[in-house]
Amino acid sequence: MKASVVANKDFTVGKIDNRVYGAFLEHLGRAIYEGIYEPDHASADQNGMRGDVAKLVKDLNVPVVRYPGGNFVSAYNWEDGVGPREERPTRLDLAWHTSDSNAVGVHEFADWCDSVGTEMMLAVNLGSRGVDDARNFLEYVNHPGGSYWSDLRIKNGRKEPFNVKMWCLGNEMDGPWQVGHKDADEYGKLAANTARAMRMFDSELELIVCGSSNADMASYPDWERIVLEHTYEHVDHISLHMYFANRDKDTPNYLALNHKLERYIETVAATIKQVKSKKRTKHDVYISFDEWNVWYHSNKQDREILDGGNGWPHAPGLLEDIYNFEDVLQVGLVLNSFIRHSDVVKIACIAQLVNVIAPIMTEKGGPAWKQTIYYPYYFASVYGRGTALNLLVNSPGYESNHEDNTPFVDLSSVHNEDDGTLSFFLVNRHGTESIEVDIDLQGFAAGEVIDHQVMTHSRLDAVNTAKNQSEVAPRKGEGAKVADGSLRLTLPPYSYQMVRVK
Ligand code: AHR
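So for the sequence shown, the UniProt record's numbering puts the first residue at 1; every next one is plus one.
Here you go:
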């Protein structure tokens, strides 16, 4: 089987916002406690943060981490997580039917962000709370001093303001599962009022309003239109979420789900344009895809805790999906979709980062290791920075539930003008056939392949574990060549690869 591609230097989607490779950490399960924070662990620093986890996060070069939720934020009192640890209250978390000691709060999280070289993106509680708490939190976090909340921050040990630029106006407020769930008009008015108040403090903040929790919500896409009609001038991004599942063990349809994702992005981009026209404004709003990942492996085992059958445990092992090789392909495909839509998707957060539906897993007192999906995320985050190309792809395809002709070859490409490299991220959706790909490099002086990484496995259900940490891992690719202005390579059945030329 063969496929051909044209990569022309002048056919671009646009400059990628690096924040598209962001991540998310919620007070949920073992994401924070036993994930990034484990004071008794051998690698813990003076703040109790695990050094081995921090190293794996640093390697990913994560530009931004969203915190503290998620569903958790909709009944969170941020004040519980500041001040002397021994005085912090343990609270019940209604979203996940657990309890939280509040040993980690905004100070500890900010220090951790500094230590791993990432920027903090905060969410305010618009479920059980509103404008008043949002403005107080903002003053605590960003005001230099001389006011009640900023002086409290200083008293709590942090002289300089945290200067957080990105703020989410609540989380998934369209979802009936959300504490304080609202309809689009109610939420739109509250979000607009909150945004206005926050901007009175600092007009330069980047504000993110809630879009739909997923594209199957009955209120989608009217939700986006109504919410934006209330908030358009006061916000910079609208947030979307999507999780991917293969419950029916139907790989061809599973691997076509990023077409559904692309329709979702394109529909919301069109809604943004519609509201922009209606408002007669020059102001642009973009998409913050601040929750995405594969999530289904752990659903059954989580039922008991989520139904309350297990009391109110502290940091139980919730949402601990163990990812397989098939999920490598899915994560590669999703990242390709974001790169191809980087003109409208400016922020995206893999959900989540550690233990909870995450590329990094930990054992209490034991090792931290890379799940299978760590790798496609790593390759895109580290090498997918620059300008996204608008590729012309001619590939044979198949009928799926999500697209009439789902191409077997899915790829994206990023031109890094700074170092002159051109990177391709490719997935072969065909389960039995290799595909020879010919990429016509127009306008590039590329002379050789400088890096080629391949991920294949004989079993789609192969996983990495604490004991066998590299069952699924990339290996050096062979046979990719640049000749006569073309890059030629072969994609084995069900494979992910990254190839870079210069
Ligand atoms: O990431 C897990 C949960 O998924 C988040 O708390 C919520 O926002 C979404 O439904």
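Where a beta carbon is used, it is the ideal one built from N, C-alpha and C, also for glycine.
Next on the checklist: According to DSSP, simplified to helix, strand and coil, what is P407?
Outcome noted: If DSSP states are grouped into helix, strand and coil, P407 belongs with the strands.
Checklist entry - What did DSSP end up calling S213 once you bin it into helix, strand or coil? => result Coil at S213, not helix or strand.
Checklist entry - At which residues does the alpha helix (DSSP H) containing D419 begin and terminate? => result Run containing D419: none; DSSP gives neither H nor E here.
Checklist entry - Quick one: does the C-beta of G70 sit closer than 8 Å to a heavy atom of the ligand AHR? => result Using a cutoff of 8 Å, the CB of G70 counts as near the ligand AHR, since one of the ligand's heavy atoms is closer than that.
Next on the checklist: Just verifying my parser: in three-state terms, what is the DSSP assignment at I32?
Outcome noted: In the structure shown, the three-state DSSP call for I32 is coil.
Next on the checklist: On a Cα-Cα basis, can you pick out the residue from Y76, G170, S219 that is closest to A195?
Outcome noted: Nearest option by C-alpha distance: G170.
Next on the checklist: So, for P316: in the same chain, excluding its five sequence neighbours on each side, which residues have a beta-carbon less than 8 Å away from its beta-carbon?
Outcome noted: When the five nearest sequence neighbours on each side are left out, the beta carbons in the same chain lying within less than 8 Å of the beta carbon of P316 are those of G29, R30, T98, I305, N310, in order along the chain.
Checklist entry - Between V454 and G175, what straight-line distance do the alpha-carbon atoms span, to the nearest angstrom? => result V454 and G175 have their alpha carbons spaced roughly 39 Å apart.
Checklist entry - According to DSSP, is F244 helix, strand or coil? => result Reduced to three states, the DSSP call for F244 is strand.
Checklist entry - Who are the Cβ neighbours of E224 in its own chain at under 7 Å, not counting the five residues just before and after it? => result Only G211, S212, I238, V268, T271 meet the Cβ criterion.
Item to check | Integer Cβ distance of F201 from E139, believed to fall under 8 Å | outcome: Yes, they are in contact, since the Cβ atoms of F201 and E139 sit about 7 Å apart, within 8 Å.
Next on the checklist: Would A348 and Y21 be called neighbours here (beta carbons separated by less than 9 Å)?
Outcome noted: Yes; because the gap between Cβ atoms is below 9 Å, this pair is in contact.
Next on the checklist: Alpha carbons only, please: which of K2, Y33, R91 is nearest the one belonging to G365?
Outcome noted: It is Y33.
Item to check | Beta-carbon spacing of V414, S423 below 9 Å | outcome: Yes, these two residues count as a Cβ contact at 9 Å.
Checklist entry - With 16 as the cutoff for other CB atoms within 10 Å, does W177 come out buried or exposed? => result W177 comes out exposed.
Item to check | Given K9 as reference, the closest of V437, E417, N47, S288 once Cα atoms are compared | outcome: That would be E417, whose Cα lies nearest to the Cα of K9.
Next on the checklist: Less than 6 Å between C-beta atoms, sequence neighbours within five positions excluded: which residues of the same chain meet that for P367?
Outcome noted: Hits under 6 Å: A466.
Checklist entry - With a Cβ-Cβ cutoff of 9 Å, do L333 and V482 count as a contact? => result It is not a contact, given that the beta carbons lie outside the stated cut-off.
Next on the checklist: Pairs of beta-carbons, one from the region 427 to 442 and one from the region 461 to 478, closer than 8 Å: are there three or more?
Outcome noted: Per the Cβ contact rule, the region 427 to 442 is not in contact with the region 461 to 478 (fewer than 3 Cβ pairs under 8 Å).
Checklist entry - Can you tell me whether G127 is buried or exposed, with buried defined as 16 or more other CB within 10 angstroms of its CB? => result Burial call: buried.
Checklist entry - In three-state DSSP terms, what is E291? => result The answer is strand: DSSP assigns E291 an E or B state.
Checklist entry - Taking contact to mean at least 3 C-beta pairs separated by less than 8 Å, is the region 148 to 166 in contact with the region 100 to 111? => result Yes: the two stretches touch, three or more of their Cβ pairs being nearer than 8 Å.
Item to check | DSSP state of H230 mapped onto helix, strand, coil | outcome: In the three-state reduction of the DSSP assignment, H230 falls in the helix class.
Item to check | DSSP state of E119 mapped onto helix, strand, coil | outcome: Under the three-state reduction of DSSP, E119 is assigned to strand.
Item to check | Inside the region 126 to 185 only - alpha helix (DSSP H) runs reaching at least 4 residues | outcome: Unbroken alpha helix (DSSP H) runs of no fewer than 4 residues, entirely contained in the region 126 to 185, are found at 131 to 142, 148 to 155, following chain order.
Checklist entry - Can Y243 be considered in contact with the ligand AHR, in the sense that its beta carbon sits closer than 8 Å to one or more heavy atoms? => result Yes.
Next on the checklist: Assuming the contact rule is C-beta atoms closer than 8 Å, N142 and N163 should be a hit. Round their C-beta distance to whole Å, please.
Outcome noted: Sure, about 6 Å apart at Cβ, within 8 Å.
Item to check | Three-way DSSP call (helix, strand, coil) for S40 in this model | outcome: The sequence shown places Asp at residue 40, not Ser. Three-state DSSP puts D40 in coil, outside helix and strand.
Checklist entry - So is S74 buried or exposed if we call it buried at 16+ other beta carbons inside 10 Å? => result S74 comes out buried.
Next on the checklist: In whole angstroms, give me the CA-to-CA distance for L319 and Y383.
Outcome noted: Near 29 Å, if we compare the C-alpha coordinates of Y383 and L319.
Next on the checklist: Give me, in chain order, the residues of the same chain whose beta-carbon lies closer than 6 Å to that of Y220; leave out the 5 immediate sequence neighbours on both sides.
Outcome noted: S212.
Checklist entry - Would DSSP call Y323 helix, strand or coil? => result Here Y323 sits in coil by DSSP.
Next on the checklist: Using only CA atoms, which one of D321, D284, S288 lies nearest to L297?
Outcome noted: Residue identity check: residue 297 is His in the sequence provided, not Leu. Out of D321, D284, S288, D321 has the C-alpha closest to the C-alpha of H297.
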